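Only one structure is covered here, and it is reproduced in the block below.
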Amino acid sequence: MYRYDEFDHQFVRERTAQFRDQADRRMAGTLSEDEFRPLRLMNGLYLQLHAYMLRVAIPYGTLSSRQMRQLGMIADRYDKGYGHFTTRQNIQYNWIKLEDAADILQALADVEMHAIQTSGNCIRNVTTDHWAGAAADEITDPRPVGELIRQWSSLHPEFSFLPRKFKIAITGAPHDRAAVKVHDIGMRLHRNDRGEAGWEVMVGGGQGRTPMIAVTVRDFLPEKELIPYLEAIMRVYNLYGRRDNKYKARIKILVHEIGAEKFRSEVEAEYARHPHQQTQVEQRELARISAYFADPKFEKLSRFAPAFEDAKRSNPQFARWAKNNLATHKTDGYAIVNISLKAPGEIPGDATGEQMRVMADLAERYSHDELRVSHAQNIVLPHVRLNDVFAVWQKLAEHGLAAANYGLAGDIIACPGLDYCSLATARSIPIAQAISRRFADFDREQNIGNIKINISGCINACGHHHVGHIGILGLDKAGEEYYQITLGGSSSENAAIGTILGPGFAFEDVPDVIEKILNTYLAQRADGEEFLATYRRIGAKPFKEALYAAA
Amino acid sequence: MPLLKNNAFVTDDWVHLADEESVADQQRVTVSVERLVREWDDLVNFPGLLGVRLSNTSKEHDLSPFVPQLALIVLPFPAFADGRSYSIARQLRLDGYQSELRATGNILPDQLQFMLQVGFDAFEVTDRFPLDAWTKAARQMSLAYQRGLFRKAGEREVWSERHQGFTAWEEQPHAG
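If you read the protein sequences in the order shown, they are chains A and B.
Here the working numbering is used: the first sequence runs in plain steps of one and ends on residue 561.
Here the working numbering is used: the second sequence runs in plain steps of one and ends on residue 183.
As structure tokens, then:
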């Protein structure tokens, strides 16, 4: 994975020193909160309901063991012993004191990390496929380009005061695990007829109050044109994006209001106006970065791993976990291990400092020193020998990390909601906990199969409810929390925005409602048909009948 | 409002005319962009130096016929978070505009370096901050990743430093 060179180190050091000076001035009272606000936000420091929240960037969701250990140290020393992995592959700490913030940034800089642009109206941390470099279906590892974009977008002078925040996601595989179609810019690597690799560039996707699927502005963008083309898109947005209403300021509204055709022609016209010698992707730089992402030295192993097969036969609990939590690795004899941070009754995405250290140790010993954070708030050990998987599982089980529900009903995406967030209108975490407890029975959860249940605590949709197969949106009506249900959303290559089923439900009724929806699915599904496919085949009517007919 | 230029507060020797004020007997004048377009046939013969005040919704490419005749372009920042003028400045510089590019409106010291990097070289600033707050802010970061932007002495572009031999950046075009 990527390592900082002297320049990257110096860049982050200077930025940290700059922030320390600003925080000192704030604490001394020479900087007002109004003046400090935009400065702290550019460094990921928010003021939340109870305390400061610090959001740390995990570029393209990739971590080394050393970095994960440091995140654990920060959780223990500066927070209440845990951290929260987010849907943008970042981590946030919810109980930060202002006087500690600069020391935390220093501790991050020590392990080549930062919190730059994890907030504010600028280009945010670029996200990608959490199986990048390991997935069997991948064309090319997208992370070198992710790193290139990280560097290009860091303190970009032209694009630091955009109309609104700006999120970029990229994928190098045909199966989209990075939700690229619901980002401001989504990019998908593919090959043309001549076998050359290039990017499909999609713009204007997003969730929030006005969910939209991105439109394609370029089918095939050659790699070297990537940065200048992104600059053309950003410039059109910066100039013409709305600034009169923050809820209409994302690029999706611009694309929608002027139309995809007009938007495309504006971008192409801007792009065609100048030559791009200065900004085109320097091949030597891309090659330099790519070298860091070369495959680790995989052993030549047989596809069949006898120790792994034996362990499954002799330990049914392990076999269940292995069935759901492993994915096919591109190399024979290896597996991708998905660690669910969704143990029944726990807070989705939370991990304690101790759990972070355990995962770091496992990565160091068994996964070529690498971990990933997924946008579904789980952790991935990308390169584990099949014959080591049992040992990994045993260690995970000792630390409450062996939930066997990866991709199932208990694997819920949830925002922090009213328990932490100053924007929330309802609680999300307790809903997630109640649902995951309800479906904790393994056979039942297994029978239901692959499903994505996503929960947001307000219409800003941080919990991705629009693209959940089942989406739950927490709202407030006259001081009472109530929950609106959407069905049929998806964030993958067949992306879709879910449809609202009908009137909302009270807090305590939500688990029953989800159960009725899933029972309807079980009664109606064809052989081997997953929830989303059944819904797309039979539509909303049977689900509405199940929920509203009796009332 | 002090005018900040080359790390010093200087006197503004330009006269900023309202649309009904005559250009006669003036040496250096700015006019609104509407007036520039409307009265171009007369203004092109103005014997002194001519400048224009743009709005941040002006379409930069509509100005290209006039730009070679202009000695000053003023771009506004109606709010410090309104970043449109960064892009207009970049377009003007990319199109080859080499004379003074002035920022006016809501400008914070912490934004100064970004403005310099996209090609601004003069700033009408509030008198709330002393000169050294501005000069310090102008060199907060000594490194930048982007290429093709404007750099002061002592600022380095990471991608150019890593790969010597690549044309690094243009010199600041106007030292006014």
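Glycine included, every Cβ here is placed at the ideal spot set by N, Cα and C.
This structure is a prediction, so every number in the text was calculated from the model and none was measured.
> So, is R97 of chain B buried or exposed, given that buried needs 16 or more other C-beta atoms within 10 angstroms?
Replying inline: One-based indexing of the second sequence puts residue 97 of chain B at position 90. R97 of chain B is buried by the Cβ-count criterion.
>> Determine, for N248 of chain A, whether the minimum Cβ-Cβ distance to residues of chain B falls below 7 Å.
In response: For the purposes of this step, residue 248 of chain A is taken as residue 238 along the first sequence, with counting starting at 1. Yes, N248 of chain A lies at the interface with chain B (some Cβ there is under 7 Å from its Cβ).
>> Is there a Cβ of chain A sitting closer than 7 Å to that of M8 of chain B, yes or no?
In response: Locating residue 8 of chain B in the second sequence gives position 1, where the first residue counts as 1. Not closer than 7 Å to any Cβ of chain A, the Cβ of M8 of chain B fails to qualify, so no.
> So, helix, strand or coil for E24 of chain A, using DSSP?
Replying inline: Within the first sequence, numbered from 1, the residue matching residue 24 of chain A stands at position 14. DSSP places E24 of chain A in helix when its eight states are reduced to three.
> In the structure shown, what three-state DSSP assignment does G363 of chain A receive?
Replying inline: Start at 1 with the first residue of the first sequence, and residue 363 of chain A comes out as number 353. If DSSP states are grouped into helix, strand and coil, G363 of chain A belongs with the helices.
>> With H, G and I counted as helix, E and B as strand and the rest as coil, what does DSSP make of F176 of chain A?
In response: Taking the first residue of the first sequence as 1, we reach residue 176 of chain A at position 166. Looking at F176 of chain A - three-state DSSP - the assignment turns out to be strand.
> Among all the DSSP beta bridges, which residues are the ones paired with Q494 of chain A?
Replying inline: What you label residue 494 of chain A is simply residue 484 of the first sequence in a count that begins at 1. Answer by DSSP bridge pairing, in chain order: A:L483.
> What number of angstroms, rounded off, separates the C-alpha of I95 of chain B from the C-alpha of A119 of chain A?
Replying inline: Here the question's residue 95 of chain B lines up with position 88 in the second sequence. Here the question's residue 119 of chain A lines up with position 109 in the first sequence. The alpha-carbon atoms of I95 of chain B and A119 of chain A are separated by roughly 34 Å.
>> Less than 7 Å between CB atoms is the rule here; does A175 of chain B satisfy it with respect to chain A?
In response: Here residue 175 of chain B refers to the residue found at position 168 when the second sequence is read from its first residue. At A175 of chain B the pLDDT is 40, less than 50, meaning the model places this residue with poor confidence; the figure from the coordinates comes in the next sentence. A175 of chain B does not count as touching chain A.
> Would P154 of chain A count as contacting chain B if we go by Cβ distances under 7 Å?
Replying inline: Along the first sequence, one-based indexing puts residue 154 of chain A at 144. It does not: the Cβ of P154 of chain A has no partner Cβ on chain B nearer than 7 Å.
>> Quick check: what's the CA-CA separation for E162 of chain B versus D31 of chain A?
In response: Residue numbering aside, residue 162 of chain B sits at position 155 when the second sequence is read from its first letter. Residue numbering aside, residue 31 of chain A sits at position 21 when the first sequence is read from its first letter. Pairing E162 of chain B with D31 of chain A, the inter-Cα distance amounts to about 20 Å.
>> I need the straight-line Cα distance from E309 of chain A to R79 of chain A, nearest angstrom please.
In response: Counted from its first residue, the first sequence places residue 309 of chain A at position 299. Counted from its first residue, the first sequence places residue 79 of chain A at position 69. Rounded to whole angstroms, E309 of chain A to R79 of chain A spans 27 Å at the Cα level.
> What is the DSSP secondary structure of N464 of chain A, reduced to helix, strand or coil?
Replying inline: In the first sequence, counting from the first residue as 1, residue 464 of chain A sits at position 454. Looking at N464 of chain A - three-state DSSP - the assignment turns out to be strand.
> Since L43 of chain B and E131 of chain B are thought to touch, with beta carbons under 8 Å apart, how far apart are those beta carbons, to the nearest angstrom?
Replying inline: Taking the first residue of the second sequence as 1, we reach residue 43 of chain B at position 36. Taking the first residue of the second sequence as 1, we reach residue 131 of chain B at position 124. Rounded, the Cβ-Cβ distance is 19 Å, inconsistent with contact.
>> Quick check on W176 of chain B: does DSSP put it in helix, strand or coil?
In response: Within the second sequence, the letter at position 169 stands for residue 176 of chain B. Low per-residue confidence applies at W176 of chain B: pLDDT is 41, beneath 50, and the placement is therefore not dependable enough to give any value.
> Is there contact between the stretch 40 to 48 of chain A and the stretch 136 to 153 of chain A, where contact requires at least three CB pairs shorter than 8 Å?
Replying inline: No, because fewer than three Cβ pairs between the stretch 40 to 48 of chain A and the stretch 136 to 153 of chain A fall closer than 8 Å, the two stretches do not touch.
> L49 of chain A touches chain B at which residues, Cβ-Cβ below 7 Å?
Replying inline: Position 39 of the first sequence, counting from 1, holds the residue named residue 49 of chain A. The contacting residues are D117.
> What is the C-beta distance between S432 of chain A and N388 of chain A, in whole angstroms, given that I count them as a contact (C-beta under 8 Å)?
Replying inline: Locating residue 432 of chain A in the first sequence gives position 422, where the first residue counts as 1. Locating residue 388 of chain A in the first sequence gives position 378, where the first residue counts as 1. Not a contact, Cβ separation roughly 26 Å.
> What does H23 of chain B pair with, by DSSP beta-bridge criteria?
Replying inline: Counted from its first residue, the second sequence places residue 23 of chain B at position 16. Note: H23 of chain B sits in a beta bridge opposite B:T37.
> Is the stretch 423 to 437 of chain A close to the stretch 391 to 403 of chain A, with three or more CB pairs under 8 Å?
Replying inline: no
> Considering only residues of the same chain and omitting the five flanking positions on each side of A442 of chain A, which have a CB-CB separation below 7 Å?
Replying inline: By 1-based counting over the first sequence, the position of residue 442 of chain A is 432. So the list reads P358, I422, A424, I465, once near-sequence residues are dropped.
>> Contact between the stretch 135 to 144 of chain A and the stretch 128 to 145 of chain B is defined here as three or more beta-carbon pairs at a separation below 8 Å; is this criterion met?
In response: no
> In chain order, which continuous runs of the alpha helix (DSSP H) of length 4 or greater are located wholly inside the stretch 71 to 146 of chain A?
Replying inline: 75 to 88, 108 to 120
> Going by C-alpha distance, which of B:M8, B:Q171, B:F53 is nearest T18 of chain B?
Replying inline: Position 11 of the second sequence, counting from 1, holds the residue named residue 18 of chain B. Taking only the C-alpha atoms, the option nearest T18 of chain B is B:M8.
> What is the residue span of the beta strand (DSSP E) that F230 of chain A lies within?
Replying inline: In the first sequence, residue 230 of chain A corresponds to position 220, counting from 1. Counting along the chain, the beta strand (DSSP E) containing F230 of chain A begins and ends at 225 to 232.
> Which chain A residues sit within Cβ distance under 8 Å of W166 of chain B?
Replying inline: Indexing the second sequence from 1 puts residue 166 of chain B at position 159. In chain order: Q161, E292, E295.
> According to DSSP, which residues form a beta bridge with E131 of chain B?
Replying inline: For this step, residue 131 of chain B is matched to residue 124 along the second sequence. Bridge partners of E131 of chain B: B:L10.
>> Between A:L199, A:Q534, A:D194, which has its C-alpha nearest E148 of chain A's C-alpha?
In response: Within the first sequence, numbered from 1, the residue matching residue 148 of chain A stands at position 138. It is A:L199.
> Of all Cβ atoms in chain A, is any one closer than 7 Å to the Cβ of H23 of chain B?
Replying inline: Taking the second sequence and counting its residues from 1, one reaches residue 23 of chain B at position 16. No, no contact with chain A.
> Which residue or residues does DSSP assign as beta-bridge partners of L56 of chain B?
Replying inline: Looking up residue 56 of chain B in the second sequence gives position 49. B:R35.
>> Determine whether the beta carbon atoms of N335 of chain A and N325 of chain A lie at a separation below 7 Å.
In response: Counted from its first residue, the first sequence places residue 335 of chain A at position 325. Counted from its first residue, the first sequence places residue 325 of chain A at position 315. No, the pair does not count as a contact, with Cβ atoms beyond the cut-off.
> So which residues on chain A does F121 of chain B lean against when the C-beta distance must stay under 9 Å?
Replying inline: Position 114 of the second sequence, counting from 1, holds the residue named residue 121 of chain B. By Cβ distance, chain A contributes L165, H166, P167, E168, S170, F171.
> Along the chain, where does the beta strand (DSSP E) that runs through G156 of chain A open and close?
Replying inline: Numbered from its first residue, the first sequence carries residue 156 of chain A at position 146. Where G156 of chain A is concerned, there is no enclosing beta strand (DSSP E), although the alpha helix (DSSP H) it sits in stretches over 153 to 163.
> Which two residues bound the contiguous alpha helix (DSSP H) that contains E539 of chain A?
Replying inline: Start at 1 with the first residue of the first sequence, and residue 539 of chain A comes out as number 529. Run containing E539 of chain A: none; DSSP gives neither H nor E here.
> How close, in whole Å, do the beta carbons of S62 of chain B and P83 of chain B come, if the pair is a contact with beta carbons under 8 Å?
Replying inline: To locate residue 62 of chain B, count along the second sequence from 1; it is residue 55. To locate residue 83 of chain B, count along the second sequence from 1; it is residue 76. Correct: roughly 6 Å between the Cβ atoms.
> So, do the stretch 102 to 114 of chain A and the stretch 159 to 178 of chain A have three or more beta carbon pairs nearer to each other than 8 Å?
Replying inline: no
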